[in-house]
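Enquirer:
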Amino acid sequence: MSALAVAAIVFACVFGGAVLGMVLQGILPEHHLSDPSRDVVRLGTGLVATMAALVLGLLVASAKGAYDTQKDGLDEITANLTLLDSTLAQYGPETREARAILRSTVASAISRLWPADASQESTLGAAETTAGGKSFYDEVLALMPATETQRALQAQSLLIARDLARARLLLIAQQETPPISGVFLVVLTSWLVVLFVSFGLFAPRNTTVLSALLISAFSVSGAIFLIMELGDPFAGLIQISSAPLRNAFVHLGV
Amino acid sequence: MSALLVAVIILVCVFGGALAGMALRRVLPAPHLSEESKDVVRLATGLVATMAALVLGLLVASAKSSYDTQRDGLDEIAANVTLLDTVLAQYGPQAQDVRQGLRRVVAGAMARLWPTDGSQTPTLGGPETTAGGKLLHAEILALVPATDAQRALQAQALQIGSNLARVRLLLIAQHQSTVISGVFLVILTFWLVVLFASFGLFAPRNATVLAALLISALSVAGAIFLILELDQPFEGLIQISDAPLRNAFADLGK
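Protein chains in written order, with our numbering: chain A, 1 to 254; chain B, 1 to 254.
#1: Can Ala138 of chain B and Gln90 of chain A be called in contact, C-beta distance under 9 Å?
#2: Keeping to the same chain, check which residues put their C-beta closer than 7 Å to that of Pro145 of chain A; ignore five residues upstream and five downstream.
#3: Spatial neighbours of Tyr67 of chain B within its chain, please: CB distance less than 8 Å, with the 5 preceding and 5 following residues excluded, ordered by chain position.
#4: Measure how close the beta-carbons of Ala203 of chain A and Val40 of chain B come, nearest whole angstrom, since I'm counting them as under 8 Å.
#5: Counting pairs of beta carbons, one from the region 32-51 of chain B and one from the region 180-199 of chain B, are three or more of them closer than 8 Å?
#6: Excluding sequence positions up to five away, which residues of its chain have a Cβ less than 8 Å from the Cβ of Phe234 of chain A?
#7: Leaving out five residues on either side along the sequence, give the residues of the same chain with a beta carbon under 6 Å from the beta carbon of Gln25 of chain A.
#8: Using Cβ-Cβ distances below 9 Å, what residues of the region 177-210 of chain A are close to chain B?
#9: How about Ser119 of chain A: is its C-beta nearer than 9 Å to some C-beta of chain B?
#10: To the nearest whole angstrom, what separates the beta carbons of Gly133 of chain B and Val105 of chain B, a pair I think is in contact under 8 Å?
#11: Taking the beta carbon of Ser181 of chain B as the centre, do at least 16 other beta carbons fall within 10 Å, making it buried, or is it exposed?
#12: Any beta carbon from chain B within less than 9 Å of Phe256 of chain A's own beta carbon?
#13: Taking Cβ-Cβ distances below 9 Å as the criterion, which residues of the region 130-151 of chain A are in contact with chain B?
#14: If I'm right that Pro122 of chain B touches Glu235 of chain B with Cβ under 8 Å, what's the distance once you round it to whole angstroms?
#15: Quick check: the Cα distance between Leu143 of chain B and Ala173 of chain B, rounded to an integer number of angstroms?
#16: Roughly how many angstroms lie between the CA atoms of Ala8 of chain A and Ala165 of chain A, to the nearest whole one?
#17: Per DSSP, what kind of secondary structure is Lys134 of chain A in: helix, strand or coil?
#18: Should the region 11-22 of chain B be regarded as contacting the region 176-189 of chain A, the criterion being three or more beta carbon pairs within less than 8 Å?
#19: Run through the region 110-193 of chain A for me and flag every whole alpha helix (DSSP H) of 4 or more residues, listed as ranges in chain order.
#20: Measure the C-alpha to C-alpha separation of Ala33 of chain B and Phe202 of chain B and round it to an integer number of angstroms.
#21: Do Leu84 of chain B and Leu164 of chain B have their beta-carbon atoms positioned less than 9 Å apart in this structure?
#22: So the candidates are A:Val209, A:Thr208, A:Leu237, A:Leu210; which of them puts its Cα closest to the Cα of Gly222 of chain A?
#23: Is Pro31 of chain B close to chain A? Criterion is C-beta to C-beta, closer than 9 Å.
#24: Give the straight-line distance between the Cα atoms of Val87 of chain B and Ala157 of chain B, rounded to the nearest whole angstrom.
#25: Determine whether the beta carbon atoms of Leu230 of chain A and Phe184 of chain B lie at a separation below 9 Å.
#26: Quick one: list the residues of chain B neighbouring Gly222 of chain A, beta-carbon separation under 8 Å, in chain order.
#27: Taking buried to mean at least 16 other C-beta atoms within 10 Å of its own C-beta, is Ala3 of chain B buried or exposed?
#28: Would you mind listing the beta strand (DSSP E) stretches within the region 7-80 of chain A that are 3+ residues and don't spill past its ends, in chain order?
#29: Residue ranges of each alpha helix (DSSP H) run of no fewer than 4 residues wholly in the region 12-92 of chain B, ordered along the chain?
#30: Closest Cβ-Cβ distance between Arg42 of chain A and chain B: below 9 Å?
#31: Chain B partners of Val76 of chain A, CB-CB under 8 Å?
#32: Inspect the beta-carbon positions of Ala3 of chain A and Phe225 of chain A and report whether they are closer than 9 Å.
#33: I want to see whether chain A comes within less than 9 Å of Gly46 of chain B, judged by CB atoms only; does it?
#34: What residue does the alpha helix (DSSP H) around Trp191 of chain B start on, and which one ends it?
#35: Touch check for the region 202-220 of chain B and the region 243-251 of chain A: three-plus C-beta pairs under 8 Å?
Given below as structure tokens:
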């Protein structure tokens, strides 16, 4: 489900809660809504409010942290690609074939990660990229170093290539774990609904109050939207920029 | 867009929100602003306030840590440059040319990263530096070691050189991607505007209240300024110091 859809559902539930509270206000007997009752309800929901605000704030921050980690992983891949290519270039013209494979693998990985056609899903762990990487590795292994220097450069290339593969596999693993589990989301939403029901229960019925509740519900579901969006850094409105990798790609094999 | 400009825009939006709240107070009928209404609005926006404060605080902390990462990268470069120079000095007078080359490359890189002319944008990934680095690598490779010690020193120099290149490429990749996306900033600003509008809605009109709201809005915009400014460690008011690299440079080739 897209982040926007989830946020819209949460918004509907939360604001629906506030409206429900207002309806309940009309139904409940008078003494249920007395000042002492109100105080107790407020104390109870005050606890929930602090908890929900803390959890939401920390979740946004941790989603941002996870997003940054994936961005750092991509930066590392970018740096290693350039380094790998220039190490092979130093080896000599024998590596032309390997560098061509590297270039085409990176090209296909970029087009799969940021598809030009928006209807396609962005994939990080495409089988073609893995296969391309493996055939690149074999190509480097098959080089016959003639001098001591070439031997060193070959060993270094293999090391960098392994680093690259590790960074990529880590990214794939990070991508597969969802930022927030369904149960967590349901519990969090139920706190918010409870809160807004209690707000609605003691709210005078006027447009100012109604719009204040609407905007607050909107803000809270904005936080959920952010959490979901940051959880998928290669799709949606908030995306990791492809610029560093594309810039590195331009210089590959040249 | 510069950090200062964005912060000013946010300041205008947020303080504008407070003023809009005050203006609304005049327009709205009295029952809309009763104690009960005020209570509900305060509770609902309290949730948003806690959330926004947490997110802002944590974002500043994460921007600071990404700034520190880049500073550490630069420190590592400075240390590696000195180490490389020392290893080459140990190699013997045959490496004197390479050491002079290293000095030139570092001088060029520093001039581009911290331009004396303020109108120039600092560049980290200058093609001259890349070309210079490659030339250095080739020169070290071309040394003909006569003894085992020289062979070991040459291998070490190559390793340090490749490490330098990796750290530099990583810095370049990190530098190209921004810490906070536009969507994130818009949502955060929306929360702040909502908050300040609700403050303004129930605020008496006097200079003290106005000044307090202005200063709060200024502080909040200051936090956003910090986040954006720390994201550009080689530009603007908060910059990574060039002292470590300059100190390393002073001793190069001597």
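All C-beta atoms, glycine included, are put in the ideal place defined by N, C-alpha and C.
These figures come from a predicted structure and were not determined experimentally.
Expert: With the structure as the only source:
#1: Residue 138 of chain B sits at position 138 when you count from the first residue of the second sequence. Residue 90 of chain A sits at position 90 when you count from the first residue of the first sequence. It is a contact, given that the beta carbons lie within the stated cut-off.
#2: Looking up residue 145 of chain A in the first sequence gives position 145. Closer than 7 Å at Cβ, skipping near neighbours: Arg151, Gln154.
#3: Numbered from its first residue, the second sequence carries residue 67 of chain B at position 67. Leu230, Asp231, Pro233, Ile238, Ile240, listed in sequence order.
#4: Here residue 203 of chain A refers to the residue found at position 203 of the first sequence. Here residue 40 of chain B refers to the residue found at position 40 of the second sequence. Indeed, because the Cβ distance is near 4 Å, the residues count as touching under 8 Å.
#5: yes
#6: Residue mapping note: residue 234 of chain A aligns to position 234 of the first sequence, counting from 1. Same-chain partners within the cutoff: Leu113, Trp114, Ser122, Leu124, Gln175, Ile240.
#7: The residue given as residue 25 of chain A occupies position 25 in the first sequence. Only Leu201 meet the Cβ criterion.
#8: Leu192, Leu195, Phe196, Ser198, Phe199, Gly200, Phe202, Ala203, Pro204, Asn206, Thr207, Thr208, Val209
#9: Sequence index remark: in the first sequence, residue 119 of chain A carries index 119 (1-based). No, Ser119 of chain A lies away from the interface with chain B (no Cβ there is under 9 Å from its Cβ).
#10: As a first step, residue 133 of chain B must be located in the second sequence, where it is residue number 133. As a first step, residue 105 of chain B must be located in the second sequence, where it is residue number 105. That belief holds up - the Cβ atoms of Gly133 of chain B and Val105 of chain B are roughly 6 Å apart, short of 8 Å.
#11: Taking the second sequence and counting its residues from 1, one reaches residue 181 of chain B at position 181. That one is buried.
#12: Summary: the structure shown does not reach residue 256 of chain A, with chain A confined to residues 1 through 254, and so no result is reported for it.
#13: Glu148, Thr149
#14: Along the second sequence, one-based indexing puts residue 122 of chain B at 122. Along the second sequence, one-based indexing puts residue 235 of chain B at 235. Indeed they touch by this definition, with Cβ atoms about 6 Å apart.
#15: Taking the first residue of the second sequence as 1, we reach residue 143 of chain B at position 143. Taking the first residue of the second sequence as 1, we reach residue 173 of chain B at position 173. Roughly 32 Å separates the two Cα atoms.
#16: By 1-based counting over the first sequence, the position of residue 8 of chain A is 8. By 1-based counting over the first sequence, the position of residue 165 of chain A is 165. If you take the alpha carbons of Ala8 of chain A and Ala165 of chain A, they lie about 38 Å apart.
#17: If you number the first sequence from 1, residue 134 of chain A lands on position 134. In the structure shown, the three-state DSSP call for Lys134 of chain A is helix.
#18: no
#19: DSSP runs (the alpha helix (DSSP H)) wholly in the region 110-193 of chain A: 127-141, 148-176.
#20: In the second sequence, the residue the question calls residue 33 of chain B occupies position 33. In the second sequence, the residue the question calls residue 202 of chain B occupies position 202. One point to set straight first is that residue 33 of chain B is Leu, not Ala, in the sequence displayed. Each residue's alpha carbon lies about 7 Å from the other.
#21: On the second sequence, position 164 is the one that residue 164 of chain B refers to. On the second sequence, position 84 is the one that residue 84 of chain B refers to. Taking 9 Å as the Cβ cut-off, Leu164 of chain B and Leu84 of chain B qualify as a contacting pair.
#22: One-based indexing of the first sequence puts residue 222 of chain A at position 222. Gly222 of chain A has its Cα closest to that of A:Leu237, out of A:Val209, A:Thr208, A:Leu237, A:Leu210.
#23: Indexing the second sequence from 1 puts residue 31 of chain B at position 31. Against chain A, the CB of Pro31 of chain B has a partner CB under 9 Å away; the residue lies at that interface.
#24: Looking up residue 87 of chain B in the second sequence gives position 87. Looking up residue 157 of chain B in the second sequence gives position 157. Cα to Cα, the separation comes out at about 6 Å.
#25: Reading the first sequence from its first residue, position 230 is the one you call residue 230 of chain A. Reading the second sequence from its first residue, position 184 is the one you call residue 184 of chain B. In this structure, Phe184 of chain B lies closer than 9 Å to Leu230 of chain A by Cβ.
#26: On the first sequence, position 222 is the one that residue 222 of chain A refers to. Within 8 Å Cβ-Cβ: Ile187, Phe190, Trp191.
#27: To locate residue 3 of chain B, count along the second sequence from 1; it is residue 3. It is buried - the Cβ of Ala3 of chain B has at least 16 other Cβ atoms within 10 Å.
#28: none
#29: 35-91
#30: Within the first sequence, residue 42 of chain A is the residue found at index 42, counting from 1. Yes, Arg42 of chain A counts as interfacial toward chain B.
#31: By one-based count along the first sequence, residue 76 of chain A stands at place 76. It is worth fixing the name first, because residue 76 of chain A is Glu in this sequence and not Val. Simply Leu170, Ala173.
#32: Translated into the one-based positions of the first sequence, residue 3 of chain A becomes position 3. Translated into the one-based positions of the first sequence, residue 225 of chain A becomes position 225. Yes, the pair counts as a contact, with Cβ atoms nearer than the cut-off.
#33: As a working mapping, residue 46 of chain B is identified with position 46 in the second sequence. True, the Cβ-Cβ gap to chain A drops below 9 Å.
#34: For the purposes of this step, residue 191 of chain B is taken as residue 191 along the second sequence, with counting starting at 1. That run of the alpha helix (DSSP H) goes 182-201.
#35: no
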